[in-house]
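The opening residue of the sequence shown carries number 1 in the working numbering; numbering runs sequentially from there.
Positions of the beta carbon are idealized from the N, C-alpha and C atoms, including for glycine.
Quick caveat, the model's predicted, so the values are computed rather than measured.
These notes concern the structure reproduced below.
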Amino acid sequence: MDIAVHDLKTRNGCLGDVDTIADILNAAFQLEKRPEKQASARRLANHHFSEFLLLEDAGVTVGVAHIAPQWLQVGREAILKGDVGHVGVRPDRQGTGHGTRLLEACISTMHARGMHMSRLGGLMRFYRRFGYEPFPRRLIRIPVEPMAAVLKGRTWAEILALPPEQAQRVRPYHPARDYRAKHALLVAFNDGRSGAARTPDAPGDAPTAGPDDEGLEIVYEQDGVIRGYLRGALALVHARAPTPTYCVNTFAYDPQTPEACGALLKIFIRRAASIAPTAITARFPFDERVFADINAANIRFEAVELRQGADGNMVQVINLPALLEAISPELEHRIADAAPAPWTGHVRFVLPGQEAGLSVSPGGISTGATPENAVTVKTGHSTFLKWVFGISGFAEFADAGLGLTPPQHQLLATLFPRRPCASGVWG
Numbered sequence: 001m002d003i004a005v006h007d008l009k010t011r012n013g014c015l016g017d018v019d020t021i022a023d024i025l026n027a028a029f030q031l032e033k034r035p036e037k038q039a040s041a042r043r044l045a046n047h048h049f050s051e052f053l054l055l056e057d058a059g060v061t062v063g064v065a066h067i068a069p070q071w072l073q074v075g076r077e078a079i080l081k082g083d084v085g086h087v088g089v090r091p092d093r094q095g096t097g098h099g100t101r102l103l104e105a106c107i108s109t110m111h112a113r114g115m116h117m118s119r120l121g122g123l124m125r126f127y128r129r130f131g132y133e134p135f136p137r138r139l140i141r142i143p144v145e146p147m148a149a150v151l152k153g154r155t156w157a158e159i160l161a162l163p164p165e166q167a168q169r170v171r172p173y174h175p176a177r178d179y180r181a182k183h184a185l186l187v188a189f190n191d192g193r194s195g196a197a198r199t200p201d202a203p204g205d206a207p208t209a210g211p212d213d214e215g216l217e218i219v220y221e222q223d224g225v226i227r228g229y230l231r232g233a234l235a236l237v238h239a240r241a242p243t244p245t246y247c248v249n250t251f252a253y254d255p256q257t258p259e260a261c262g263a264l265l266k267i268f269i270r271r272a273a274s275i276a277p278t279a280i281t282a283r284f285p286f287d288e289r290v291f292a293d294i295n296a297a298n299i300r301f302e303a304v305e306l307r308q309g310a311d312g313n314m315v316q317v318i319n320l321p322a323l324l325e326a327i328s329p330e331l332e333h334r335i336a337d338a339a340p341a342p343w344t345g346h347v348r349f350v351l352p353g354q355e356a357g358l359s360v361s362p363g364g365i366s367t368g369a370t371p372e373n374a375v376t377v378k379t380g381h382s383t384f385l386k387w388v389f390g391i392s393g394f395a396e397f398a399d400a401g402l403g404l405t406p407p408q409h410q411l412l413a414t415l416f417p418r419r420p421c422a423s424g425v426w427g
């Protein structure tokens, strides 16, 4: 689909654009100085060319942007996020307004592609112009000391030692043999967890690879059943990190086997100790049950919520009516769990540049136009998405509830409570 933007034109990428995409990214970000980034950009163009948006001036491609689609869970439902990145304009066209046109086209394209929200990272002063608002990042940081270091008379090797029976249950992940069990574990661990990437319904084709020789992908197996899974890496935590550090990219375990959580982490901590002192960065859910299981294993950690300034994580709602419609079945479940509803009536949500209505009746929840007497809730894109994912609850924002009666306030607090939320994929 072509979208006209004044005297310019944008279009979706195709196979024949791979070299052009790679060349523009290389020039825009001076990737020839960073061979590993240059290779990464080439791989992205090769494998995801159709997700790129190309900006053309008189038929010549002068800019590109990548819009990665990703479904994020909101309880039992899901919304589609457009993750914008690799926004690059040819050096000879920078500072001429082409970047502005490209970003405007990105937003129009995401709306046309049925996306409900968008996320990106970058200079906040620039991206605010296009409706993006600052959004937190969450992560878990696990400090790692040299194993010979002493804490109150005990070495870290002693503190983090596993009982022999648990140590025997940790082994390398075997893709060809374990992929179905891993898939089932991830589905169960993230079932109903807002903010998590939606796991495909099926595990896909059987991999042919054997175990990871690096030992960065491990499982906890008890009585022939995989009860825990961890996939880590040694990588740059973010683009400006000075050196690679160990991070946990994927993690899941059976809550009925809480020792699996501690056992996998202790094995990984010992691996990270090869470059100690350091810290492991993990995108675990902010879930008190998970936190308690980590603590029970004598593992110290920091739950970090970053509120960045100048340069950082940003979000915006792309299509508010469609987003409310997508999550309305989940909102109905929440009302049913709290039955009867504290209040019935019409609510109009007003965000900068958008508004949409939600009606609550004894028969359920509907979306669409609301009458003039509808209750109005005005807020920003960032705050609204915090409510959607349960990062924060409606009740925590006093200004949002101004003018509401107690039953109306209680209804909105029921629809949008704070919940154990995944981290990583939205920041």
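- Unbroken beta strand (DSSP E) runs of no fewer than 3 residues, entirely contained in the stretch 344 to 399, are found at 345 to 351, 354 to 361, 364 to 367 and 375 to 378, following chain order.
- Boundaries of the alpha helix (DSSP H) harbouring W156: W156 to I159, taken from the DSSP string.
- When the five nearest sequence neighbours on each side are left out, no beta carbon in the same chain lies closer than 6 Å to the beta carbon of L402.
- Excluding sequence positions up to five before and after F394, its CB lies within less than 6 Å of the CB of W387, L412, A413 and F416, all in the same chain and listed in chain order.
- A straight-line Cα-Cα distance of about 55 Å links P143 and E372.
- When the five nearest sequence neighbours on each side are left out, the beta carbons in the same chain lying within less than 6 Å of the beta carbon of A252 are those of L185, L186, F189 and Y229, in order along the chain.
- Our two residues, K182 and Q354, have alpha carbons roughly 41 Å apart in a direct line.
- Contact annotation: T379 and L351 have beta-carbon atoms nearer than 8 Å.
- DSSP places M124 inside the alpha helix (DSSP H), whose first and last residues are M124 to Y127.
- A buried status is given to G99, since no fewer than 16 other beta-carbon atoms sit within 10 Å of its beta-carbon.
- In its chain, beyond the 5 residues on either side, F49 have a beta carbon closer than 7 Å to the beta carbon of L15.
- With a cutoff of 8 Å on beta-carbon distance, A263 and V170 are scored as near each other.
- One thing to note: A28 has its Cβ within 8 Å of the Cβ of G88.
- The beta-carbon separation of F301 and R177, rounded to 31 Å, does not stay under the 8 Å limit for a contact.
- Residue burial annotation: V150 is exposed, with fewer than 16 other C-beta atoms found within 10 angstroms of its C-beta.
- With 16 or more other CB atoms across the displayed protein chains lying within 10 angstroms of its CB, P258 is buried.
- Judged by beta-carbon spacing, L139 lies within the 8 Å limit of S423, meaning their Cβ atoms are closer than that value.
- If the five residues before and after M110 are omitted, its C-beta is found closer than 7 Å to the C-beta atoms of I67, G82, S118 and I318, all from its own chain and listed in chain order.
- Assigned with DSSP and collapsed to three states, M117 falls in strand.
- Rounded to the nearest angstrom, the gap between the Cα atoms of P406 and G97 is 49 Å.
- Runs of the beta strand (DSSP E) lying entirely within the stretch 243 to 294 and spanning at least 3 residues, in chain order: 245 to 253 and 278 to 282.
- Between R198 and Q94, the CB-CB gap reaches or exceeds 8 Å.
- Around the C-beta of Q166, 16 or more other C-beta atoms lie within 10 Å, and the residue is accordingly described as buried.
- About 7 Å separates the CB atoms of H86 and A65; that is less than 8 Å, so the two are in contact.
- Residue burial annotation: A326 is buried, with at least 16 other C-beta atoms found within 10 angstroms of its C-beta.
- Spanning the alpha carbons of R270 and V304 requires a straight line of approximately 22 Å.
- Between I280 and C247, the C-beta spacing is below 8 Å.
- For F189, the enclosing alpha helix (DSSP H) begins and ends at P175 to F189.
- In the three-state reduction of the DSSP assignment, K152 falls in the coil class.
- Around the beta carbon of Q316, a 10 Å sphere encloses 16 or more other beta carbons of the protein chains shown; the residue is thus reported as buried.
- Under the three-state reduction of DSSP, I299 is assigned to coil, being neither helix nor strand.
- At a Cβ-Cβ threshold of 8 Å, R334 and A374 do not count as neighbours.
- Nearest to L44 by C-alpha distance, out of V62, A322, E56 and I24, is I24.
- Remark: C-beta atoms of C261 and D311 do not approach each other more closely than 8 Å.
- Its Cα nearest to that of P175, the residue E217 stands out among L102, W343, A341 and E217.
- Sequence-distant partners of H116 (beyond 5 residues in either direction) whose C-beta falls short of 8 Å from its own C-beta, in its chain, are I79, L80, K81, V317, I318, N319, A322, L323 and A326.
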